[in-house]
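**Student:**
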Amino acid sequence: MKIKLKELREKENLSLNKLRKILKDKYDITVSDSQLMYYENGTRKPRNNKVWESLADYFGVSVAFLLGHDEMSPEEMTTKLQDFFENLDMNELNNIKPDYDLLKKIQSAYENVEEHINNPKKYENFGKGLVNFNQNYMLTIEKLIINDAEIGTNFADILINYISLNDYDKKIAFDLVKKLSERDDEKE
1 MKIKLKELRE
11 KENLSLNKLR
21 KILKDKYDIT
31 VSDSQLMYYE
41 NGTRKPRNNK
51 VWESLADYFG
61 VSVAFLLGHD
71 EMSPEEMTTK
81 LQDFFENLDM
91 NELNNIKPDY
101 DLLKKIQSAY
111 ENVEEHINNP
121 KKYENFGKGL
131 VNFNQNYMLT
141 IEKLIINDAE
151 IGTNFADILI
161 NYISLNDYDK
171 KIAFDLVKKL
181 SERDDEKE
C-alpha cells in the first residue's frame with residue numbers, strides 16, 4: 001500500500017509549498033510543507049481525516065486511491081468501463097430474462113418472514129445473518145413457518161433465532177445443541 005500523494009502532486013507540477021497554499025486557500029486547512037512531505041512518505045498521518053478528504057477532492061480521486069488502498073485511478077477505471085461496454089454483446093444481454101415468478105416468491109417470502117418475526121430489531125439481525133446466503137433461504141424459511149403452523153412445531157423460530165445471533169453466540173448455541181444431541185445418543 002503506497003500513498004499516492006507525491007505521485008499526484010508531481011503529475012500536477014505542484015511544489016509542497018503550492019499544495020500547502022491550495023489547502024489553506026481552498027479548504028481552510030493549515031499544514032506545513034514538512035507535514036505534507038511526511039504524509040507523502042507515509043512517515044506520519046494527519047490527525048484530521050479532513051486533510052485526506054480535501055487532498056482527494058483537489059486531485060479528483062477517492063481517499064482510498066490516495067491512500068493506496070485502491071490501485072485503479074479514475075482514468076484507468078473509466079478506460080476499463082469503456083472497454084467493458086464496447087465488448088458487451090447486446091444480443092446476449094437481451095436474451096437474459098429475470099425469473100419474475102421467482103423474484104415475486106422471494107419478495108413474498110421476505111414479507112411473510114418479517115411479519116412472522118414481528119420485531120424490527122430482530123428482523124434486522126436476522127437479515128444481517130443472511131447477508132452471505134442465497135435468496136432461496138427465505139423460501140425455505142417461509143415453508144418452515146407454514147409447516148410449523150400446520151403441524152405445531154417451531155423449527156422456523158429455532159432457525160430464525162439462530163440466524164439472528166452474532167457469530168460468537170452462534171458458536172455457543174451450536175456447541176450446546178451438539179452436546180445435547182450427543183448426550184441423547186449416550187442414553188440410547
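Sequence positions in the sequence shown follow full-length UniProt numbering and run 1 to 188. The C-beta atom is built at its ideal place from N, Cα and C for all residues, glycine as well. Quick caveat: nothing in here was measured; it's all calculated off a predicted structure.
When you compare only the Cα positions, how much space is there between G152 and L159?
**Tutor:** By one-based count along the sequence shown, residue 152 stands at place 152. By one-based count along the sequence shown, residue 159 stands at place 159. Their Cα atoms are separated by approximately 15 angstroms.
**Student:** What first and last residue would you give for the alpha helix (DSSP H) that runs through G129?
**Tutor:** The sequence position of residue 129 within the sequence shown is 129, counting from 1. Looking at the DSSP string, the run of the alpha helix (DSSP H) that includes G129 is 120-129.
**Student:** DSSP three-state label for L133, please.
**Tutor:** Within the sequence shown, residue 133 is the residue found at index 133, counting from 1. The sequence shown places Phe at residue 133, not Leu. Coil at F133, not helix or strand.
**Student:** What residue range does the alpha helix (DSSP H) around E12 cover?
**Tutor:** As a working note, residue 12 is residue 12 in the sequence shown. Element bounds for E12: n/a, residue is neither H nor E.
**Student:** Would you say K6 and G68 are within 7 angstroms of each other, going by their C-beta atoms?
**Tutor:** Your numbering for residue 6 matches position 6 in the sequence shown. Your numbering for residue 68 matches position 68 in the sequence shown. Not closer than 7 angstroms, so no.
**Student:** Compare the Cα-Cα distances from I29 to each of W52, S164, F84, N13 and report the closest residue.
**Tutor:** Working through the sequence shown from its first residue, we reach residue 29 at position 29. Of the listed residues, the one whose Cα sits closest to I29 is W52.
**Student:** Expressed to the nearest angstrom, what Euclidean distance is found between the alpha-carbon atoms of S181 and I106?
**Tutor:** Numbered from its first residue, the sequence shown carries residue 181 at position 181. Numbered from its first residue, the sequence shown carries residue 106 at position 106. Their backbone Cα atoms lie some 33 angstroms apart in a straight line.
**Student:** By Cβ distance, which residues of its chain are closer than 8 angstroms to S108, with the 5 residues on each side in sequence left out?
**Tutor:** Walking along the sequence shown from the start, residue 108 turns up at place 108. Correct list, in chain order: E142.
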